[in-house]
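>
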C-alpha cells in the first residue's frame, strides 16, 4: 500500500519548517516561496493549514498534460514532473483544482510535490506532528469520504453550503455538528 | 469491435489509449493526416523559442508506443463518411470500415477573407510544418507582422521577439485576447508588450497583403502600410467539419454532441476541438477548443464507445497564456453574469491583476495576470460550486486569499474534518 501525507492543521503552529525543508531539499535554497508544501494562515484565529498535492489517483494535472511530462511513480504513487519533458505550457497549473501545481519562472517548468521519492522532508521537519507520512488508509480517506458524503446529503436536502456564515473566521465544523 | 478515430491529436490519442485500457480485445485505428507522430500543437511555441526539438512536442515519447498498445496509426485524410454502410473514404484511395467512430479531427486556422492571404510569405501557426516555415523566415532583423492578438498570437510573441525580429501586431478587436480578457487585463497586457518593444495596434483590420518585388506589404485600416518579410496569420481556429457535409451528422459551431459525447447518429461520437460539448459554467453547448476539455471529452467518449455509460458534466472553459513572459489565466465566466458582482485588484506598475466574478455566493469566473502560484484553485472554487459564505466578503476585501477560501470551504482537512 502507498503512503500519503497526513495533514493535521490543528497541530500546526505555522513555524514553516516544512517549507524550509522542502525548499532546501528540492531546490537547494532556504526560500519558502519555492516550497511545494505551503502553510496557509488564518490570522484572526491564529490558525494554520499546511497543504500540498494529494497525489490524486486520476490526477487532473497528469491527464491535462499534453506531452506526458507528468507520470505516476509506481513505487510511491506520487505524480512526478519530468523536467526534461515538461515544455512549460502550464496547462496543469490551471487543471489542478487544488492549486498545488505551480509554474517556476526560473526553470520555465512546473513544480509539484513528489513525496521526495518516498521519504518526504516536510514530514521529517515538522516538529509538532502536523505533517506525517502514513499508510494511505490512515491519511484521512474515511474522513474525506464522510465529508464528501455529507456534501451530497446536504445538497439533496437543500442545505447548499458547507461554509460558515455567521461565525467570523471560524472554519466549518459540520462533521461534528 | 473496430473503433476508428479520426484525428491523432490529444483527443484522439487519449481516446485510443482509454479504449485499449478498458476494452483490451478491441481493434483501434487512429487516422491522422499529418506526417509526424501524434504531437501537441501546444508545444509549438516552445519549439519556436528553441526550448525543445520536434520530438519534444510528441504526445508520447517512445517510438513503439502505439505498436505496443496495439493502436493502429494511419497517415491519411478522411474525405468522406458513409454513415449508412459505416465506411470512411480516405484521400489515398483506400476505404476503412468502422463499428464505432470518434470524430476527434480538431480545428483548422481561419483564413480571413483578405486579398493576398494566400501569398507564399503568409503562414499560419498551427502545425509543425507551419512552425518550420516560421523558423526559416523569421530571421533576426527581419520584419514580421502578426495578424491577430488572440491566444495563439500572444503565445508565440515571445518566440518571435527572441528570434530578434521587428514585430508588429495587428488586432481587429479593441484589446488583446478579447476572448479571454476584459479591458483592464487586455490593456495591461498591451502595455506590457509595448514595454518590451513590440508594437501592438488594436482596432486595426488588415485590408490587403501585396507582394512588391519579393517583399510583402500589409495594408491595414487607418492608412497604415507595413512592409515585411513574413506575415503570420493567427486569426483564430474553427472546427474541422467540412468533410462531414452530407453525412447526416448534425453540425452547429462544431459537431453537436450530447452529455455522452454521442452525435445524433448511432455509433458516432465526437471529442475535442471539433465537438460542441457541454460547458460547465453556462450549461450550454459550445466549442471550447482547449487541451483539458479535449482530454475530458476523449475519456468520456471512449468509455461510452466501449459500452459504458459515463456522463460528461461539462468542461470549464479556461486558459493559461504566457505573453513575452507575462502569465495570464482565465476561468469560466470571466466576463461575469447578469445580476452578479465582482472584485478587482490591480497593480499596474508591476503588471499584476486579478478579478473574480461572483454569482450570489459562488465564484463563477476569474482572470489573473502575473500570478503563477495556486491559480488552479480558481478552477476548484468554480467547479465545486461551493457557496463561499463569509469567505465571499473576505475575498472581496482581498482576492488573493483564494487558497484560504478554498481550504476553509471545500477541503475535508483540519477543522472541516475534525481530525482526531
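Chains as they are written, first to last, in this note's numbering: chain A, 5 to 181; chain B, 9 to 428. Glycine included, every Cβ here is placed at the ideal spot set by N, Cα and C.
So, under 8 Å CB-CB, residue 418/B and residue 376/B are touching, yes? Tell me the CB distance rounded to an integer number of Å.
Actually they are not in contact, since the Cβ atoms of residue 418/B and residue 376/B sit about 19 Å apart, beyond 8 Å.
> Can you give the Cα-Cα distance for residue 330/B and residue 107/A, rounded to whole angstroms?
11 Å
> Below 7 Å CB to CB, which residues in the same chain sit around residue 164/B once its five sequence neighbours on both sides are set aside?
53, 56 and 133
> With DSSP as the reference, label residue 423/B as helix, strand or coil.
Because residue 423/B carries a pLDDT of 46, less than 50, the predicted location of this residue cannot be relied on, and no value is offered for it.
> Residue 9/A and residue 137/A: beta carbons closer than 7 Å?
Pairing residue 9/A with residue 137/A gives a Cβ-Cβ distance under 7 Å.
> Specify, as a first and last residue, the run of the beta strand (DSSP E) that residue 340/B falls within.
334 to 340
> Cβ atoms of residue 303/B and residue 68/A: under 7 Å apart, would you say?
yes
> Can you find a C-beta in chain A that's less than 7 Å from the C-beta of residue 25/B?
Chain A places no beta carbon closer than 7 Å to that of residue 25/B, leaving this residue out of the contacts.
> Looking at the secondary structure, which residues open and close the alpha helix (DSSP H) in which residue 300/B lies?
The continuous alpha helix (DSSP H) containing residue 300/B extends over residues 299 to 313.
> Check whether the segment 277 to 286 of chain B and the segment 252 to 266 of chain B touch, using three or more Cβ-Cβ pairs below 8 Å as the test.
yes
> May I ask you to check if the CB of residue 117/A is nearer than 6 Å to at least one heavy atom of the ligand SAM?
For the ligand SAM, the structure offers nothing, since it holds no ligand at all.
> Please compile the residues from chain B whose C-beta is within a distance smaller than 7 Å of the C-beta of residue 72/A.
67, 68 and 69
> Can you tell me whether DSSP reads residue 197/B as helix, strand or coil?
helix
> Going straight from the alpha carbon of residue 27/B to that of residue 11/B, what length do you get?
8 Å
> Of all the CB atoms in chain A, is at least one closer than 7 Å to the CB of residue 54/B?
yes
> Helix, strand or coil: which one does DSSP assign to residue 363/B?
strand
> In chain order, what residues of the same chain have a beta carbon less than 8 Å from the beta carbon of residue 133/A, not counting five sequence neighbours either side?
12 and 15
> Based on the DSSP secondary-structure assignment, which residues constitute the bridge partners of residue 269/B?
None; residue 269/B has no bridge partner.
> Just to confirm before moving on: does the CB-CB distance between residue 135/A and residue 22/A stay below 7 Å?
yes
> With the cut-off set at 7 Å, would you say residue 46/B and residue 67/B are in Cβ contact?
Yes, they are a contact pair.
> Name the two residues that bound the continuous beta strand (DSSP E) containing residue 158/B.
Per DSSP, residue 158/B belongs to no beta strand (DSSP E) and is neither H nor E.
> Straight-line CA distance for residue 110/A to residue 38/A?
11 Å
> Going by alpha carbons, who is nearest to residue 397/B out of 388/B, 371/B, 175/B and 379/B?
Ranked by how close their Cα comes to the Cα of residue 397/B, the residues 388/B, 371/B, 175/B and 379/B have 371/B in first place.
> Taking the runs of the beta strand (DSSP E) that are 3 residues or longer, which of them lie wholly in the segment 175 to 252 of chain B?
207 to 209, 214 to 220, 223 to 228, 232 to 236, 238 to 241 and 245 to 247
> State the DSSP-derived secondary structure class of residue 356/B, mapped to helix, strand or coil.
helix
> Can you tell me where the alpha helix (DSSP H) with residue 53/B in it begins and where it stops?
That run of the alpha helix (DSSP H) goes 52 to 56.
> Taking just the CA atoms, how far does residue 414/B sit from residue 158/A?
Reliability fails at residue 158/A, whose pLDDT of 42 lies under 50, so the model's placement of it is uncertain and no value is given.
> Can you pull the chain A neighbours of residue 381/B, defined as C-beta to C-beta under 7 Å?
106
> Classify residue 255/B as helix, strand or coil using the three-state DSSP reduction.
coil
> Could you tell me whether any Cβ in chain A is nearer than 7 Å to the Cβ of residue 43/B?
No, because no Cβ of chain A sits closer than 7 Å to the Cβ of residue 43/B.
> The beta strand (DSSP E) spanning residue 79/B covers which residue range?
79 to 83
> Anything in chain A within Cβ reach of residue 79/B, meaning under 8 Å, just list it in chain order.
None at all; the shortest Cβ gap to chain A is about 15 Å.
> I'd like to know if residue 412/B contacts chain A, where contact means its C-beta is closer than 7 Å to some C-beta of that chain.
yes
> Using a Cβ cut-off of 7 Å, pull out every chain A residue sitting near residue 48/B, in sequence order please.
70 and 71
> Give me the chain A residues within the contact set of residue 385/B, using Cβ-Cβ distance strictly less than 9 Å, ordered along the chain.
100, 101, 102, 103 and 104
> If you draw a straight line from the C-alpha of residue 159/B to the C-alpha of residue 185/B, how long is it?
6 Å
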